[in-house]
Amino acid sequence: MYRFLLTPRWWAIHVFVLLAIPVCVFMGSWQLGRFEDRVQSHDAAAKAPDPATLKAEPLASLLPVDQRTSGRPAVAHGRYAEQFLVPDREVDGTSGSYVLTLLRTDGGKALPVVRGWIPQGAQAPAAPSGEVEVTGVLQASETAGSAGVHAQGGLPRGQVGVISGAALVNLVPYPVYDAWVTLPRADTGMTAVPASAPQNSGLDLKAFQNLGYTGEWFVFAGFVVFMWFRLVRREAEALEDAELGLAPEGSETPDGLKTADGSEMPGGAETPEGTAMPEGTTTPEGSEPAPIARK
2 MYRFLLTPRW WAIHVFVLLA IPVCVFMGSW QLGRFEDRVQ SHDAAAKAPD
52 PATLKAEPLA SLLPVDQRTS GRPAVAHGRY AEQFLVPDRE VDGTSGSYVL
102 TLLRTDGGKA LPVVRGWIPQ GAQAPAAPSG EVEVTGVLQA SETAGSAGVH
152 AQGGLPRGQV GVISGAALVN LVPYPVYDAW VTLPRADTGM TAVPASAPQN
202 SGLDLKAFQN LGYTGEWFVF AGFVVFMWFR LVRREAEALE DAELGLAPEG
252 SETPDGLKTA DGSEMPGGAE TPEGTAMPEG TTTPEGSEPA PIARK
């Protein structure tokens, strides 16, 4: 009955199923691992000590920024240079702008420093002159998906939409660190900008998207198995119907199908003059069935 499972068409179906199930399980496990990593990062961030209680370390020792060094106090020396406003940023639910000033360090490379926040329409205070020591909370460069980022461009001169070394390096004639710091105590006339949690460390919407994708991939694996059994059963039922003579008129009998007495039933056998012989019709031995009169 199930010899059709060994036909070339069904071998192709078997191969597809055997490949699709491991792929779905692997992708589901990978998405689940991503969610678990975010949970662990969230727990680690919640248990981490307050950055204000940590000792500031030289900037170079904390680069490049990762989940371990993001949020750590960093100290750098240099002179303030160009200053920009970062518009459409909120602090305590009020929209305004970050005051971003580049610190030319002793090595010549510039460190973006968010000196504070000002409300819309306020004048940004000038940066201190001369050699300064800056101690701020280290942050990773923003991306297009970061909160508050204005990635469309078209901002007026003196404004930037994203705090990123890749964006700032196009505005100044010297290299810029791929990181920035926010001062825990803002200068006079500004409000301190709180540090944000390390990227991909919180239980945000993306984390629960990973959990949702996990369920989807495992559902896909189950659907592949279900469809394989459904197709097998459908083919078997069609063969049973053909063997019992219940196949629809004009349908072909599968090759190799046997009748109830064990003899081969030629597929598509016809009576003389092209008329089909109904199932169970017999004729005397050696005689031809009588032709059916045509009108």
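In this note's numbering, the protein residues as written are 2 to 296.
Idealized CB from N, CA, C, for every residue including glycine.
Between the CA atoms of A168 and E37 - distance to the nearest angstrom: Stepping through the sequence shown from its first residue, residue 37 is reached at position 36. Stepping through the sequence shown from its first residue, residue 168 is reached at position 167. Cα to Cα, E37 sits roughly 33 Å from A168.
I need the DSSP call for I164, collapsed to helix, strand or coil. Sequence index remark: in the sequence shown, residue 164 carries index 163 (1-based). Looking at I164 - three-state DSSP - the assignment turns out to be coil, as it is neither helix nor strand.
Host beta strand (DSSP E) of R4 (start-end): As a first step, residue 4 is located in the sequence shown; it is residue number 3 there, counting from the start. Segment: none, R4 is in no beta strand (DSSP E) and carries neither H nor E.
Tell me, to the nearest whole angstrom, how far the beta carbon of V138 is from that of T183; I am working on the premise that it is less than 8 Å. If you number the sequence shown from 1, residue 138 lands on position 137. If you number the sequence shown from 1, residue 183 lands on position 182. Contact holds; Cβ gap of about 5 Å.
Under the rule that 16 or more other beta-carbon atoms within 10 Å means buried, what is P273, buried or exposed? For the purposes of this step, residue 273 is taken as residue 272 along the sequence shown, with counting starting at 1. The predicted model places P273 with a pLDDT of 44, which falls under 50 and marks its position as unreliable; any figure quoted below should be read in that light. With fewer than 16 Cβ atoms within 10 Å of its Cβ, P273 is classed as exposed.
Let me know the secondary structure DSSP gives L19 once reduced to three states. Walking along the sequence shown from the start, residue 19 turns up at place 18. Three-state result, L19: helix.
If you reduce the DSSP assignment to three classes, tell me which class D44 lands in. On the sequence shown, position 43 is the one that residue 44 refers to. Note: D44 maps to helix in three-state DSSP.
Can you tell me which residues form a DSSP beta bridge with R90? Along the sequence shown, read from residue 1 onward, the residue named residue 90 stands at position 89. Per DSSP, G97.
How is the beta strand (DSSP E) around R186 delimited, first residue to last? Counted from its first residue, the sequence shown places residue 186 at position 185. Looking at the DSSP string, R186 is not in any beta strand (DSSP E), and its letter there is neither H nor E.
Are the Cβ atoms of V115 and V135 separated by less than 8 Å? Start at 1 with the first residue of the sequence shown, and residue 115 comes out as number 114. Start at 1 with the first residue of the sequence shown, and residue 135 comes out as number 134. No, Cβ-Cβ distance for V115 and V135 is not below 8 Å.
Taking contact to mean at least 3 C-beta pairs separated by less than 8 Å, is the region 212 to 232 in contact with the region 13 to 33? yes
Apart from the five residues just before and just after P120, which ones in its own chain have a Cβ nearer than 7 Å to its Cβ? If you number the sequence shown from 1, residue 120 lands on position 119. Excluding sequence neighbours, P120 sits near T95 and G97.
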